[in-house]
Amino acid sequence: MMERMMAKFFALSLLALGSACAVLAVQHGDERHARVPGGYFFAFTNGNCTADYATGATSCGDGPRPTIDIVDPRALEVVASVPITEDYGPLVWSDAVYMESCDEAAPQGYVLANERGGRIVIIDAAKAIAGAGTDAVITTLPMGARPVHGYAIPHIDGEGNIGEYWSHSDADGHFDVVKVGQWDDLHRPEVTAHVGIPGHGKLLWDSDLWPYGYATNTKEPFLYEIDLRNYNMTRHIQFTTHGENPDAHCKGTHGIAYSKENKHIFATCSGNTTEGGENGLVEVNPEGDELVLVKKHPEARGGQVYESLDGKWIVDIDKANDEVVFLEANQPGE
């Protein structure tokens, strides 16, 4: 049983938010979380359903169905469960976030999760915690094929935006966008995040960078800038081949982080090893008319990249090479 259960957890809380009522998020997506005292954990399990990660095809064998189990960490027990019945067909979870919006001046909590079969599942969090079971499922929305990562972009004070869930389709190389509280259809399908070849990718956003977000693609040597207000790709930077410039060579990009200290973006970069190219971490300055490569850090050879809370350190966690690499962000402009 344990090998069939997906270890996907995130914390959420329905505590009163005070008089200010705005769209908030606990998990911004792809392993970035916030603290929520008094919250619950939602544990997504796949039961006896599996996915072909190359094609996105899903299937279920005999045995347990997928569920969403709500865990009270104080009592150390499952307090409620949302069963995913056979009416939904085969289902294998990918990424999930918790977001809140205001409805009639009261915060409403929702869980949004994508699944490998190409759907976004929307859950009423309060109903799920209260034990409503399948009635907690608000709806499902179709999206692009083979989704893996999903991201919450909450309300940002002073910007007038409404919270959105961005779900990435690896097969099609685009994001499908859901507006929180508007569940009739996708708010914006097919936000392009590739130039020529779609692939697996991630999204970076930060209030410092608003209104722009940045996306990666393991299949192309690019970093893309997307206007989060109008969903258009505004700029991109293309990295070189090994033969053109080994110090700027990058076959594809994957993990991505941002330093508030020096205002630079960092993305993991795969090298074309058949040409002698090396993996590394590309550092990009997004300020100015063009995206500019500052440096490729070959000492950070792979894995995923994160930033410290103050942005002074960029941390590369590399499981394949059994190492953690710390890079100190220089001052702006360096």
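At position 326 of the sequence shown the residue is numbered 1646 (this note's numbering), and the sequence of numbers has no breaks.
All C-beta atoms in this analysis are idealised placements derived from N, C-alpha and C, irrespective of residue type, glycine included.
Where the beta strand (DSSP E) containing residue i begins and where it ends
{"i": "Lys-1447", "result": "Not the beta strand (DSSP E): Lys-1447 falls in the alpha helix (DSSP H), residues 1445-1450."}
{"i": "Ala-1433", "result": "1426-1435"}
{"i": "Trp-1633", "result": "1633-1638"}
{"i": "Ala-1400", "result": "1397-1403"}
{"i": "Lys-1580", "result": "Premise fails: Lys-1580 is in no beta strand (DSSP E) and is neither H nor E."}
{"i": "Leu-1529", "result": "Taken as a continuous stretch (DSSP letters only), Leu-1529 belongs to no beta strand (DSSP E), as it is neither H nor E."}
{"i": "Lys-1313", "result": "Here the chain covers residues 1321 to 1654 and nothing more, so residue 1313 does not appear."}
DSSP bridge partner residues for residue i (one or two, in chain order)
{"i": "Pro-1467", "result": "Ser-1489"}
{"i": "Arg-1508", "result": "Val-1497"}
{"i": "Tyr-1408", "result": "Answer is none; Tyr-1408 lacks a bridge partner."}
{"i": "His-1514", "result": "His-1514 pairs with nothing; no bridge assigned."}
{"i": "Ile-1473", "result": "Glu-1484"}
{"i": "His-1556", "result": "Tyr-1544"}
{"i": "Ser-1379", "result": "Thr-1370"}
{"i": "Ser-1590", "result": "Gly-1572"}
{"i": "Arg-1439", "result": "Glu-1435, Pro-1462"}
{"i": "Trp-1503", "result": "Partner(s): none; Trp-1503 has no beta bridge."}
{"i": "Gly-1600", "result": "Cys-1589"}
Under the three-state DSSP convention, the category residue i falls into
{"i": "Thr-1459", "result": "strand"}
{"i": "Asp-1567", "result": "helix"}
{"i": "Glu-1607", "result": "coil"}
{"i": "Thr-1561", "result": "coil"}
{"i": "Thr-1454", "result": "helix"}
{"i": "Glu-1420", "result": "strand"}
{"i": "Glu-1685", "result": "Past the edges of the chain, shown from 1321 to 1654, lies residue 1685, and the structure says nothing about it."}
{"i": "Thr-1538", "result": "coil"}
{"i": "Glu-1627", "result": "strand"}
{"i": "Glu-1643", "result": "strand"}
{"i": "Cys-1341", "result": "Reliability fails at Cys-1341, whose pLDDT of 43 lies under 50, so the model's placement of it is uncertain and no value is given."}
Residue j beta carbon less than 7 Å from that of residue i
{"i": "Val-1466", "j": "Gly-1376", "result": "The identity of residue 1466 in the sequence shown is Arg, whereas the question assumes Val. Against a cut-off of 7 Å, the Cβ pair of Gly-1376 and Arg-1466 comes out as a contact."}
{"i": "Trp-1413", "j": "Ala-1400", "result": "no"}
{"i": "Ile-1585", "j": "Pro-1618", "result": "no"}
{"i": "Lys-1615", "j": "Ser-1590", "result": "no"}
{"i": "Leu-1506", "j": "Asp-1490", "result": "no"}
{"i": "His-1488", "j": "His-1469", "result": "yes"}
{"i": "Asp-1444", "j": "Ala-1426", "result": "no"}
{"i": "Glu-1540", "j": "Ile-1517", "result": "yes"}
{"i": "Pro-1531", "j": "Leu-1548", "result": "yes"}
{"i": "Gly-1435", "j": "Leu-1396", "result": "Sequence check: residue 1435 is Glu here, not Gly. No, the pair does not count as a contact, with Cβ atoms beyond the cut-off."}
{"i": "Pro-1384", "j": "Gly-1367", "result": "yes"}
{"i": "Gly-1464", "j": "His-1475", "result": "no"}
{"i": "Ile-1404", "j": "Pro-1386", "result": "yes"}
{"i": "Ala-1620", "j": "Asp-1642", "result": "no"}
{"i": "Leu-1461", "j": "Trp-1486", "result": "no"}
{"i": "His-1569", "j": "Thr-1536", "result": "no"}
{"i": "Ala-1669", "j": "Gly-1519", "result": "The requested residue 1669 does not occur in the structure, where the chain is confined to residues 1321 to 1654."}
{"i": "Thr-1588", "j": "Leu-1601", "result": "yes"}
{"i": "Val-1500", "j": "Met-1419", "result": "yes"}
Contact test: residue i Cβ vs the ligand GTP heavy atom, cutoff 6 Å
{"i": "Val-1398", "result": "Absence of the ligand GTP is noted for the structure shown, with no ligands found whatsoever."}
CB contact check: residue i to chain C, cutoff 7 Å
{"i": "Leu-1523", "result": "The structure shown has no chain C; it contains just one protein chain."}
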